[in-house]
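So in the working numbering, spot 41 of the sequence shown is number 29, and the numbers just go up one at a time.
Think of the CB as a built atom: it goes at the ideal place given N, C-alpha and C, for glycine as much as any other residue.
What follows is one structure encoded as structure tokens, with my remarks underneath.
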Amino acid sequence: MPPIDGSVEESATDNASAGLPWLLPDGTLPTGRARALVLLVVGKGGVGRTSVSAAIATAATRDGLRCLVIGLDGRPTLSQLCPVGDGPDVKMVSAGTALEDYLLDVGFGGFARRLATSGVIEVVGAAAPGIHDLVVLGRVKQLANDGAWDVIVVDTP
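Below is the structure:
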């Protein structure tokens, strides 16, 4: 709602709704932060969620931010929508790859490969509903905390 005196007042929330969701509440860019700003793009299938994720990530990259866009559904559409070279980094994450990456990071490479090819992850996922989501979210948090990106856009199924 505009002020009563007719003056124009601009805030960070106005900017966010105007297409700049990566701005912090104080209206500044998240560069130089220890952790990345994580944006989750959610919605049911077929509504353009992947296109919106790619557009947000591409715009953030063009604004000079180091941006990673993560696809969780395993389809190559996200990679096809983001420009190559000057666009955001694109990564596909699944429960299997997230667990394998974690085990590789802590020095259990051989075990990680065996676990990934054995089908154990699917068995554990069936026995403990929600474990897939927990492992994937853990990987997103790990990526956000490593300091390589300013913004991470997650295309969630």
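Taking C-beta atoms as the reference points, Asp143 and Ser41 count as a pair closer than 7 Å. Distances from the CA of Ala43 to each of Gly33, Leu66, Arg54 and Leu25 were compared; the closest alpha carbon is that of Leu66. 7 Å or more divides the Cβ of Ala86 from the Cβ of Val30. Excluding sequence positions up to five before and after Arg127, its CB lies within less than 6 Å of the CB of Val81 and Ala86, all in the same chain and listed in chain order.
Leu12 and Ile140 have their C-alpha atoms some 14 Å from each other. When secondary structure is reduced to three states using DSSP, Asp61 falls in the coil class, being assigned neither helix nor strand.
CA-to-CA, the gap between Thr49 and Val72 works out to about 12 Å.
In this structure, Ala45 sits away from Trp137, with a CB-CB distance that is not shorter than 7 Å.
Note on Gly95: under 16 other CB atoms within 10 angstroms of its CB, so exposed under the neighbour-count rule. Rounded to the nearest whole angstrom, the C-alpha separation of Leu91 and Gly98 is 9 Å.
Of the residues Gly75, Asp14, Gly135 and Pro145, the one whose Cα lies closest to the Cα of Gly52 is Gly75.
DSSP places Leu11 outside both helix and strand once states are collapsed to three, so it counts as coil. The Cβ atoms of Val78 and Val111 do not sit closer than 7 Å to each other.
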